[in-house]
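Q: Chains A and B, in that order, are what the protein sequence lines are. Residue 1 is where the first sequence starts when you use the working numbering, and the numbers rise one by one after that. Residue 1 is where the second sequence starts when you use the working numbering, and the numbers rise one by one after that.
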Amino acid sequence: MDALTHTLLAADVQDRGAAVEAYRVTKRFGALTALDDVSMKVEAGSFHCLLGENGAGKSTLVKCLVGYHPPEEGSFMVDGREQAIRSPRDAQRLRIGMVYQHFTLAPGMTVAENLLLARGDLPLRIDWRREKAALATFLASTPFRLDLNARVADLAAGEKQKLEILKQLYLGQRLLILDEPTSVLTPTEADEVLGLLHGMTRDGRLTVMMITHKFREVSAYGDSVTVLRRGKLAGSGRVGELSTQDMAEMMVGSAVSVATAPRRRAADAGRMAGDIRLGVDGLCADNDRGMAAVRELDLVVRAGEIVGIAGVAGNGQKELVEVLLGQRSASGGAVRVDGEAYGATRAELRRHGVFSLPEEPLRNACVPNMSVAENMGLRDFDIAPFSGGWLSLRFLRRGALTRRAKEWIEAFGVRPPDPSAAIENLSGGNVQRAVLARELSGAVRLLIVANPVFGLDFAATEAIHRRLDQARNDGAAILLVSEDLDELLELSDRILVMSEGRIAHQALAGYVDVAEIGRCMAGHGAGGH
Amino acid sequence: MSETTDGLAFGSLALALLGGALRVSTPFLFVSLGECITEKSGRINLGLEGTLVLGAMGGYGIALLTGSPWLGVLAAGLCGVLMGLLHGALCSLPKVNDIAVGIALMLFGTGLAFFLGKPLIQPQAPMLPSVELGAWSDSEQLRSALRINVLLPLGLALAGLLHWGFRSSRWGLALRLVGDNAAAARALGYPVVPIRIGATAAGGFLAGVGGAFLSLYYPGSWNEGLSSGQGLMAVALVIFARWSPLRCALAALLFGAAGALGPALQSQGITAGYYLFNAAPYVLTLALMAASWTPGQTLAGAPGELSFTQR
Ligand SMILES: Nc1ncnc2c1ncn2[C@@H]1O[C@H](COP(=O)(O)OP(=O)(O)OP(=O)(O)O)[C@@H](O)[C@H]1O
Ligand SMILES: [Mg+2]
Numbered sequence: 001m002d003a004l005t006h007t008l009l010a011a012d013v014q015d016r017g018a019a020v021e022a023y024r025v026t027k028r029f030g031a032l033t034a035l036d037d038v039s040m041k042v043e044a045g046s047f048h049c050l051l052g053e054n055g056a057g058k059s060t061l062v063k064c065l066v067g068y069h070p071p072e073e074g075s076f077m078v079d080g081r082e083q084a085i086r087s088p089r090d091a092q093r094l095r096i097g098m099v100y101q102h103f104t105l106a107p108g109m110t111v112a113e114n115l116l117l118a119r120g121d122l123p124l125r126i127d128w129r130r131e132k133a134a135l136a137t138f139l140a141s142t143p144f145r146l147d148l149n150a151r152v153a154d155l156a157a158g159e160k161q162k163l164e165i166l167k168q169l170y171l172g173q174r175l176l177i178l179d180e181p182t183s184v185l186t187p188t189e190a191d192e193v194l195g196l197l198h199g200m201t202r203d204g205r206l207t208v209m210m211i212t213h214k215f216r217e218v219s220a221y222g223d224s225v226t227v228l229r230r231g232k233l234a235g236s237g238r239v240g241e242l243s244t245q246d247m248a249e250m251m252v253g254s255a256v257s258v259a260t261a262p263r264r265r266a267a268d269a270g271r272m273a274g275d276i277r278l279g280v281d282g283l284c285a286d287n288d289r290g291m292a293a294v295r296e297l298d299l300v301v302r303a304g305e306i307v308g309i310a311g312v313a314g315n316g317q318k319e320l321v322e323v324l325l326g327q328r329s330a331s332g333g334a335v336r337v338d339g340e341a342y343g344a345t346r347a348e349l350r351r352h353g354v355f356s357l358p359e360e361p362l363r364n365a366c367v368p369n370m371s372v373a374e375n376m377g378l379r380d381f382d383i384a385p386f387s388g389g390w391l392s393l394r395f396l397r398r399g400a401l402t403r404r405a406k407e408w409i410e411a412f413g414v415r416p417p418d419p420s421a422a423i424e425n426l427s428g429g430n431v432q433r434a435v436l437a438r439e440l441s442g443a444v445r446l447l448i449v450a451n452p453v454f455g456l457d458f459a460a461t462e463a464i465h466r467r468l469d470q471a472r473n474d475g476a477a478i479l480l481v482s483e484d485l486d487e488l489l490e491l492s493d494r495i496l497v498m499s500e501g502r503i504a505h506q507a508l509a510g511y512v513d514v515a516e517i518g519r520c521m522a523g524h525g526a527g528g529h
Numbered sequence: 001m002s003e004t005t006d007g008l009a010f011g012s013l014a015l016a017l018l019g020g021a022l023r024v025s026t027p028f029l030f031v032s033l034g035e036c037i038t039e040k041s042g043r044i045n046l047g048l049e050g051t052l053v054l055g056a057m058g059g060y061g062i063a064l065l066t067g068s069p070w071l072g073v074l075a076a077g078l079c080g081v082l083m084g085l086l087h088g089a090l091c092s093l094p095k096v097n098d099i100a101v102g103i104a105l106m107l108f109g110t111g112l113a114f115f116l117g118k119p120l121i122q123p124q125a126p127m128l129p130s131v132e133l134g135a136w137s138d139s140e141q142l143r144s145a146l147r148i149n150v151l152l153p154l155g156l157a158l159a160g161l162l163h164w165g166f167r168s169s170r171w172g173l174a175l176r177l178v179g180d181n182a183a184a185a186r187a188l189g190y191p192v193v194p195i196r197i198g199a200t201a202a203g204g205f206l207a208g209v210g211g212a213f214l215s216l217y218y219p220g221s222w223n224e225g226l227s228s229g230q231g232l233m234a235v236a237l238v239i240f241a242r243w244s245p246l247r248c249a250l251a252a253l254l255f256g257a258a259g260a261l262g263p264a265l266q267s268q269g270i271t272a273g274y275y276l277f278n279a280a281p282y283v284l285t286l287a288l289m290a291a292s293w294t295p296g297q298t299l300a301g302a303p304g305e306l307s308f309t310q311r
């Protein structure tokens, strides 16, 4: 009888979310103490949020917990018992799993293959009929829906994120750690994914620990929060008892205002805009697989205005930006800057003062293994005062590059403040700042920006939005492509909605009908249902 | 010239091409299947030309010593395994580029084979047996076209096996994962480096066997001009075949036929442009490469970890 109760209890515990505690954890990278004596507690079956500025040590803490890099000091307790977690294998044994900030899927393989590979104990010969039936049963037991035969490369970002989560659920995790899971998702996708996970914690089946920069997600889904600041514990509490203001203050360590700037007024939009800086006429471009992604697109951006492009990812925004930046050739149509034909050559970029912040800046705007100073000099290393000298042989003046990098690092708050660090070792938010410093410090006449605050904490977001606004007021023409509608509503003078490679809707700031924009983003409501 | 003679000439040209395809394609087939395995794991082994030549020499030598051509084939495969292991191990060192190592090993393999193979140029080793698929026919030309080597059906069966195995075996899935996203494979606990070394060794084995075909069947002797770049062309062929073993087999037959074009035309009495037609496989390689690379598009089906697919 006793034994039976025991097994029943054990089975019961196995199907419940795990309770986890970190006790005085310290982690160093060389001279840098990324985590300093941090303790935190996550209750079984709760939805816990981990907050902090860029570089606060959030990713480092959860990577310690999943054994990715074990801490120097401190310990972890799972369900009240101390556990040594020295490798991902240990974490897996305790059924703790993590969804990383970047995708860890094999893009060339199918959903079913990715799931099966995650399980690990594959038979020598795989009976696909049986495995697929088993996978379908498993899928039915979760709230997520995916096509098992789809190739991962063909999935939308939201579906990839679902697959990452499914992979962990398939491994039977009791604690699921998510590192900024919604940074690659549209708000609708984010709400869907988080809502489903939230539902699973309500059943008590799962404990979720989520790193995020979005207070909206914290208040909508979180039960409790822990806040880190520069590697130290800055505070914790229950979501209902802490206001957004409290959490923001814990993050930055002083009183702040989190109220976002008021939306553009109609009067503001009616302000006389200047000459046409960017004119796009009947532009067509193909995507990587040779399919039409931008179809006969027309748009105009005038001096002194921000034109926002809204749309669900994958409707040609990426390709449009790539054509404008010279990363992709157009298959038709014309692009004009200041009325002149424009092919995004280096000379033209310089002559017209075109600057840009593409998405994924580490990949699209940086040379990862070059230093911060060198990356900051990519636009002008070949002209005075950064090159020159003797017989105009154009030697590089490293001193000048480093000096300027130091100024920009200071002005934009890049951390660590070391111009000689390889840019790939910076946290995501800091890469963003370093690139922004380069792109916003020149004489900007036309700025092309894609998802500029992707992965940034709120203070940095505010700062960048202020800078964009400033650039506009100084007379720059700005094309702002974003998946975050709130950001567009806040900054844009005009909003265009892009759907299937075309402009599906236009609205002036102040006359925006958000519901209509939503319908157009979903392809007139047809694609959304 | 009348209609009938025209038809006859065309028929025998087609037969000669078919015979050529069946005869010449075997080394293409084996090398490309080997390269396919290696590239699926995320590495390129350009050294298979050297492996092919070394395998041809080693196979010929062992067949001569033991009197058994099959032991020769095995020895050729083992030479390939050693070359593959060498490539795999060198590329696993930090900051070593697989393409550069491949080029070095190509020169090393051919050089070593020429050096060790000096005494093998004169003596005659026992040859691999052939299968008469055309015994039913009384046309001598058809019979000779359908006289194939046992290695060819083995290679075709292997292509089918690989096609199945890449999808439906533990090894195949792990191999493709490692070649598609090494970081993900590492995170899931798959041993990336050993799998890649294993895949390169397996690829080497097949390339070595392809070499044994050259020295032990067709043309069937050991000399320094034995290979005419089949090992290199097979690498191009894998790209053209978009990393599918079945398409590799088809492409190998196509390349075989192209290689037979010059001799076939000559046997028809067309000697003008003989050297030009002999260049057909190379022209085909260039044309196919140009056709399969569309600028601005990523190559469908390419393993994500290959050094030339990384942008
Ligand atoms: N592998 C590493 N080697 C050296 N320093 C590192 C390493 N990983 C992180 N760091 C440093 O540790 C600090 C904390 O980084 P971490 O990635 O935990 O920040 P984060 O809170 O997740 O920030 P973000 O919001 O930008 O993702 C940063 O200063 C970062 O530069
Ligand atoms: Mg992080």
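Where a beta carbon is used, it is the ideal one built from N, C-alpha and C, also for glycine. Keep in mind that this is a model prediction, so the values were computed, not measured.
For a test of your reading of the model: does the CB of residue 177 (chain A) fall under 8 Å from any non-hydrogen atom of ligand 2? Yes or no.
A: Residue 177 (chain A): no, Cβ never under 8 Å from ligand 2.
Q: Could you tell me whether any Cβ in chain A is nearer than 9 Å to the Cβ of residue 191 (chain B)?
A: It does not; no Cβ of chain A falls within 9 Å.
Q: From the DSSP secondary-structure annotation, give me the bridge partner or partners of residue 355 (chain A).
A: DSSP lists A:447 as partners of residue 355 (chain A).
Q: On the criterion of 16 or more Cβ atoms from any shown chain inside 10 Å, does residue 229 (chain B) qualify as buried, or is it exposed?
A: Exposed, since its Cβ has fewer than 16 Cβ neighbours within 10 Å.
Q: Taking 8 Å as the cut-off, does the stretch 75-85 of chain B touch the stretch 199-208 of chain B (at least 3 CB pairs, one atom from each stretch)?
A: Cβ pair count under 8 Å is three or more, so yes.
Q: Check the Cβ-Cβ distances between residue 270 (chain A) and every residue of chain B, and say whether any is below 9 Å.
A: Residue confidence for residue 270 (chain A) is low, a pLDDT of 49 falling below 50, so the modelled location carries little weight; the figure read from the coordinates is stated next. For residue 270 (chain A), the answer is no, since every Cβ of chain B falls outside 9 Å of its Cβ.
Q: Please confirm whether any heavy atom of ligand 1 lies closer than 8 Å to the CB of residue 455 (chain A).
A: Yes; taking the cut-off as 8 Å, the Cβ of residue 455 (chain A) has a heavy atom of ligand 1 nearer than that.
Q: How about residue 419 (chain A) and residue 405 (chain A): do their beta carbons lie closer than 9 Å?
A: Cβ atoms of residue 419 (chain A) and residue 405 (chain A): closer than 9 Å.
Q: Specify the secondary structure class of residue 242 (chain A) as computed by DSSP and reduced to three states.
A: Looking at residue 242 (chain A) - three-state DSSP - the assignment turns out to be coil, as it is neither helix nor strand.
Q: Do the CB positions of residue 34 (chain B) and residue 207 (chain B) come within less than 9 Å of each other?
A: Yes. Within cutoff.
Q: Name the chain A residues whose beta carbon is nearer than 7 Å to that of residue 183 (chain B)?
A: Those are 104, listed as they occur along chain A.
Q: Can you pull the DSSP bridge partners for residue 530 (chain A)?
A: The first residue shown for chain A is 1 and the last is 529, placing residue 530 (chain A) beyond what the model contains.
Q: Buried or exposed for residue 131 (chain B), going by 16 or more other Cβ atoms inside 10 Å?
A: Looking at its Cβ environment, which holds fewer than 16 other Cβ atoms inside 10 Å, residue 131 (chain B) is exposed.
Q: In this structure, does DSSP put residue 149 (chain B) in helix, strand or coil?
A: Strand.
Q: Closer than 8 Å is the cut-off here; do at least three beta carbon pairs connect the stretch 249-261 of chain B with the stretch 174-191 of chain B?
A: Result no; under three Cβ-Cβ pairs closer than 8 Å.
Q: Which first and last residues belong to the alpha helix (DSSP H) in which residue 503 (chain A) is found?
A: Here residue 503 (chain A) belongs to no alpha helix (DSSP H); instead the beta strand (DSSP E) covers 502-508.
Q: Give me the chain B residues within the contact set of residue 233 (chain A), using Cβ-Cβ distance strictly less than 9 Å, ordered along the chain.
A: By Cβ distance, chain B contributes nothing, its closest Cβ being about 28 Å from residue 233 (chain A), past 9 Å.
Q: Give me, in chain order, the residues of the same chain whose beta-carbon lies closer than 6 Å to that of residue 149 (chain A); leave out the 5 immediate sequence neighbours on both sides.
A: 110.
Q: With DSSP as the reference, label residue 284 (chain A) as helix, strand or coil.
A: Residue 284 (chain A) falls in the strand class under three-state DSSP.
Q: Closer than 7 Å by beta-carbon distance: list the chain B residues that pair up with residue 125 (chain A), in chain order.
A: Under the 7 Å cutoff, chain B gives 168, 169.
Q: Chain A beta carbons: is any one of them nearer than 9 Å to that of residue 199 (chain B)?
A: No - not a single Cβ of chain A is within 9 Å of the one on residue 199 (chain B).
Q: Within the 9 Å Cβ cut-off, does residue 494 (chain A) reach chain B?
A: By this cut-off, residue 494 (chain A) is not an interface position.
Q: Run through DSSP, which three-state label would residue 47 (chain A) get?
A: Three-state result, residue 47 (chain A): strand.
Q: If we count the other Cβ atoms within 10 Å of its Cβ and call it buried at 16 or more, is residue 369 (chain A) buried or exposed?
A: So residue 369 (chain A) ends up on the exposed side.
Q: Indicate, with yes or no, if ligand 1 has a heavy atom lying under 8 Å from the CB of residue 415 (chain A).
A: Yes - ligand 1 has a heavy atom lying nearer than 8 Å to the Cβ of residue 415 (chain A).
Q: Quick check on residue 246 (chain B) - is its C-beta less than 9 Å from some C-beta in chain A?
A: Cβ-Cβ to chain A under 9 Å: no for residue 246 (chain B).
Q: Helix, strand or coil for residue 296 (chain A) per DSSP?
A: It is a strand residue.
Q: Residue 33 (chain A) by DSSP, collapsed to three states: which one?
A: Strand at residue 33 (chain A).
Q: Cβ-heavy atom distance between residue 53 (chain A) and ligand 2 below 8 Å?
A: It does not: the Cβ of residue 53 (chain A) is nowhere closer than 8 Å to a heavy atom of ligand 2.
Q: Is residue 513 (chain A) helix, strand or coil by DSSP?
A: DSSP places residue 513 (chain A) in coil when its eight states are reduced to three.
Q: Please list, in chain order, the residues of the stretch 110-121 of chain A that have any C-beta partner in chain B closer than 8 Å.
A: For the stretch 110-121 of chain A, which is checked against every Cβ of chain B, the residues closer than 8 Å are 113, 116, 117, 118, 120.
Q: Please state whether the Cβ-Cβ distance between residue 228 (chain A) and residue 341 (chain A) is less than 9 Å.
A: Contact: no.
Q: Tell me, which residues are paired with residue 464 (chain A) by DSSP?
A: According to DSSP, which records beta bridges pairwise, residue 464 (chain A) is partnered with nothing at all.
Q: Using only CA atoms, which one of A:519, A:485, A:499, A:501 lies nearest to residue 509 (chain A)?
A: Measuring from the Cα of residue 509 (chain A), the nearest candidate turns out to be A:485.
Q: Can you tell which of A:43, A:474, A:159, A:176 has its C-alpha closest to the C-alpha of residue 188 (chain A)?
A: Measuring from the Cα of residue 188 (chain A), the nearest candidate turns out to be A:159.
Q: Would you call residue 180 (chain B) buried or exposed, if buried means 16 or more other Cβ atoms sit within 10 Å of its Cβ?
A: Residue 180 (chain B) comes out buried.
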